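In my numbering, the protein residues as written are 44 to 310.
Each residue gets a CB set at the ideal place from its N, CA and C atoms; glycine is no exception.
Computed from a predicted structure; not experimentally measured.
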């Protein structure tokens, strides 16, 4: 801010009161509190405070979808979705990257943390629940759209996630399956989703018919299952070949990959 009034009083530069909301690095909402005789917005700060931003979030339409760029025809690492997708829920909080990842890697912590933050700022009861529902619904939709885009734009996609009670351990089955695919000469796009309870993980579970385990693999747009047959216990209709490792051991996954023909996999 270049106005001389506040600067002359405080003896140093300062900014206007404002609040901003970003999705995927794109500015969606910017509220600035200022007036003709109040350049810093100190006398009427309401336009930059929490209730105004929460109301804007509830009314905000979904961002225009952008189709993900196709991955190179080699093993490719996608950015973790633990923060990317859940940014719709907690992206307006002023947190470090580490704090963002921690908050969004656990669904219960993320939602409870957001609810607590709302309560501390006077948004409670039915109003809080309505806002949480609107924000979370939009977030899960964005996560599902992103995952479906990755599946459609890559020949082979493997989804993994951190596991364990606290969602902070590397999944050994994911590592073994991806190493086996690499050894077989199968290039794939690797995409990490959030831990259980996060929007990206819930979206993946919905896509796989309720199977909440990792890894999960898609070949030419078709879900082929998880690590092995045990991941789809209870499903009436099994995916082709019923798992990454069974399809690798039979040689059918490599054959399907080379021929670009998913019908090669056993049904």
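Within the DSSP bridge table, the entry for residue 265 names 262 as partners. If you look at residue 306, you'll find it isn't in any beta strand (DSSP E); DSSP assigns it neither H nor E.
Residue environment for residue 301: exposed (fewer than 16 other C-beta atoms within 10 angstroms of its C-beta). The C-alpha of residue 244 lies about 23 Å from the C-alpha of residue 159.
According to the DSSP secondary-structure assignment, residue 63 is paired through a beta bridge with 73.
Rounded to the nearest whole angstrom, the C-alpha separation of residue 190 and residue 247 is 7 Å. Within 10 angstroms of the beta-carbon of residue 254 lie 16 or more other beta-carbons, which makes it buried.
Closest in C-alpha terms to residue 64, from the list 102, 294 and 81, comes 102. The Cβ neighbour count for residue 310, taken over all protein chains shown within 10 Å, is under 16; the residue is labelled exposed.
For residue 203, there is no enclosing alpha helix (DSSP H); the enclosing beta strand (DSSP E) has its first and last residue at 199 to 203. The stretch 289 to 300 and the stretch 252 to 271 touch, with no fewer than 3 CB-CB distances between them shorter than 8 Å.
For residue 81, the beta-bridge partners assigned by DSSP are 78. Between the stretch 206 to 213 and the stretch 225 to 233 there are fewer than three inter-stretch CB-CB distances shorter than 8 Å, so the stretches are not counted as touching. Note that the C-beta distance between residue 61 and residue 83 is not below 8 Å.
Separation of the CB atoms of residue 277 and residue 296 is rounded to 23 Å, and the pair is thereby denied contact status at 8 Å. Sequence-distant partners of residue 220 (beyond 5 residues in either direction) whose C-beta falls short of 6 Å from its own C-beta, in its chain, are 258, 270 and 287. In summary, residue 237 is buried, with 16 or more beta-carbon neighbours lying within 10 Å of its beta-carbon over all protein chains present.
In this structure, residue 87 and residue 81 form a Cβ contact; the two beta carbons are roughly 6 Å apart against a cut-off of 8 Å.
In this structure, the CA atom of residue 85 is about 24 Å from the CA atom of residue 71. DSSP places residue 289 inside the alpha helix (DSSP H), whose first and last residues are 287 to 293. A distance below 6 Å between beta-carbons, with the five flanking residues on each side excluded, links residue 294 to no residue of its chain. Residue 308 and residue 100 have their C-alpha atoms spaced approximately 45 Å apart. Assigned with DSSP and collapsed to three states, residue 206 falls in strand.
Here the alpha carbons of residue 97 and residue 168 stand approximately 14 Å from one another. Annotation for residue 202: 234, 236, 247, 257, 258 and 259 place their beta carbon closer than 7 Å to its own, counting only its chain and skipping 5 residues before and after. Residue pairing by DSSP puts residue 234 in a beta bridge opposite 202. Residue environment for residue 303: exposed (fewer than 16 other C-beta atoms within 10 angstroms of its C-beta).
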